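Shown next, in structure tokens, is the structure this report addresses.
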Amino acid sequence: MKPELQDIAMCIFENCLIHNISIDVVWVPRTLNEKADFISRIIDYDDWGIDEQLFMYVDSLWGPHEIDWFANDDNHKLTVFYSRYWTVNSMGIDAFTINWQGANGWFVPPVCLVSKVISYMRQCFAHGTLVLPLWKSASFWPMLCPTGEGFIKEVKGCIDLPTNKNFYTSGKGNKSVFEILIYPSGCWL
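Residues in the sequence shown are numbered consecutively from 0, following numbering that gives the first Met the number 0.
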């Protein structure tokens with residue numbers, strides 16, 4: 000018997016007692032459990048984040064932040080977070096199904112979603128901190144800086160973040176966009 004698994008089982012048992020929940024355990028053969036097996040093997044190659052110290056610095060400038068909209072169990076900076084895929088501690092999946100208005104959001108989306116995030120922030124009248132690479136050639140850049148000089152009126156402030164690789168974290172996959180291609184030459188908020 001593994002002690003850590005026993006602790007988890009006891010925690011589940013105690014919660015069931017407290018909340019009057021009954022659990023019926025059923026063994027499912029692997030051949031009939033394809034969906035769960037598939038989900039457990041998902042690796043998010045677009046996953047990235049920033050270091051805890053850097054988050055605390057930015058949070059001291061524009062926080063307190065309330066919701067981490069694009070995170071997972073490994074890189075969330077706040078206790079309330081939404082993830083791209085199901086994770087044990089997330090409030091939910093697919094942040095685009097929730098109205099972002101009314102909370103000071105922390106946004107560190109996969110680069111492939113930055114344009115969608117900017118559009119949805121406008122649609123929801125959301126406010127928060129958006130961390131993104133300083134890639135002026137990216138498709139999202141004209142959404143923030145349409146003339147090439149100066150930001151749109153929704154951008155209230157920005158800082159150039161350090162370029163040192165140690166301030167950023169890549170996802171679990173060894174083919175992560177930030178592990179293989181490039182780390183941000185700077186990030187704007």
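Glycine included, C-beta positions come from ideal geometry on N, C-alpha and C. From a predicted model like this one, the values you see are computed outputs, not experimental measurements.
Quick check on DSSP: helix, strand or coil for residue i?
{"i": "residue 97", "result": "coil"}
{"i": "residue 77", "result": "coil"}
{"i": "residue 67", "result": "strand"}
{"i": "residue 175", "result": "In this prediction, residue 175 has a pLDDT of 49, which is less than 50 and means its spatial position is unreliable; what the coordinates show is noted afterwards. It is coil, neither helix nor strand."}
{"i": "residue 30", "result": "helix"}
{"i": "residue 168", "result": "strand"}
{"i": "residue 132", "result": "strand"}
Straight-line CA distance for residue i to residue j?
{"i": "residue 182", "j": "residue 162", "result": "For residue 182, the predicted structure reports a pLDDT of 39, less than 50, and the residue's modelled location is therefore unreliable. A value from the coordinates is still provided. Spanning the two alpha carbons is a distance of roughly 7 Å."}
{"i": "residue 47", "j": "residue 64", "result": "18 Å"}
{"i": "residue 4", "j": "residue 123", "result": "42 Å"}
{"i": "residue 135", "j": "residue 155", "result": "19 Å"}
Suppose the cutoff is 6 Å on Cβ atoms and the five residues either side in sequence are ignored; what does the same chain contact list for residue i look like?
{"i": "residue 54", "result": "76"}
{"i": "residue 67", "result": "75, 76, 77, 80 and 105"}
{"i": "residue 144", "result": "150"}
{"i": "residue 108", "result": "69 and 116"}
I'd like the list of long-range same chain contacts for residue i, defined as Cβ closer than 7 Å, with 5 residues on each side in sequence excluded.
{"i": "residue 82", "result": "70, 71, 89 and 92"}
Using a Cβ-Cβ cut-off of 8 Å (strictly less than) and excluding sequence neighbours within five positions of residue i, which residues of its own chain qualify?
{"i": "residue 21", "result": "15"}
Is it the case that the stretch 56-71 contacts the stretch 22-34, given that we only count it when at least three CB pairs across the two stretches are under 8 Å? no
Could you check whether the stretch 138-154 touches the stretch 112-130, counting it as contact only if at least three pairs of C-beta atoms, one from each stretch, sit closer than 8 Å? yes
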